[in-house]
Amino acid sequence: MNIFGVGLPEMAVIAAVGLLVFGPKKLPEIGRSLGKTLKGLQSASRQFEQEFSKAIDADAAPGPGQDTSQASSGEDNAAAPDA
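Each residue of the sequence shown is one higher than the one before, starting from 1 at the first, in full-length UniProt numbering.
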């Protein structure tokens, strides 16, 4: 199990230090608060990703009045001169 680059042994050390610093009565409250914060960050990240994808899709889609039958290859499509 590897969350944010922190493995199980590191999590155990962090939990032990947290238990020593905050005590057993305060630790569940801190855990709940941390869980809610992480859930909010994940939700905000997901929402940002969705909005970003919508913006990219809107820019890539042709607007009204644009001709979609011609590919924009960057080449000059002018008629060749008569020889």
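The C-beta atom is built at its ideal place from N, Cα and C for all residues, glycine as well.
Item to check | 8 Å Cβ cutoff met for Leu19 and Leu27 | outcome: By one-based count along the sequence shown, residue 19 stands at place 19. By one-based count along the sequence shown, residue 27 stands at place 27. Contact: yes.
Checklist entry - Can you round the beta-carbon distance between Phe22 and Ile14 to whole angstroms, since I take them to be within the 8 Å contact cut? => result Your numbering for residue 22 matches position 22 in the sequence shown. Your numbering for residue 14 matches position 14 in the sequence shown. Their Cβ separation, rounded to whole angstroms, is 12 Å, which puts Phe22 and Ile14 out of contact at 8 Å.
Item to check | Where the alpha helix (DSSP H) containing Lys39 begins and where it ends | outcome: Against the sequence shown, residue 39 aligns to sequence position 39. Element bounds for Lys39: Leu27 to Ala60.
Checklist entry - What number of angstroms, rounded off, separates the C-alpha of Phe52 from the C-alpha of Arg32? => result By one-based count along the sequence shown, residue 52 stands at place 52. By one-based count along the sequence shown, residue 32 stands at place 32. A direct Cα-Cα distance of roughly 30 Å separates Phe52 from Arg32.
Next on the checklist: Could you compute how far the alpha carbon of Pro24 sits from the alpha carbon of Gly5?
Outcome noted: Numbered from its first residue, the sequence shown carries residue 24 at position 24. Numbered from its first residue, the sequence shown carries residue 5 at position 5. Cα to Cα, Pro24 sits roughly 26 Å from Gly5.
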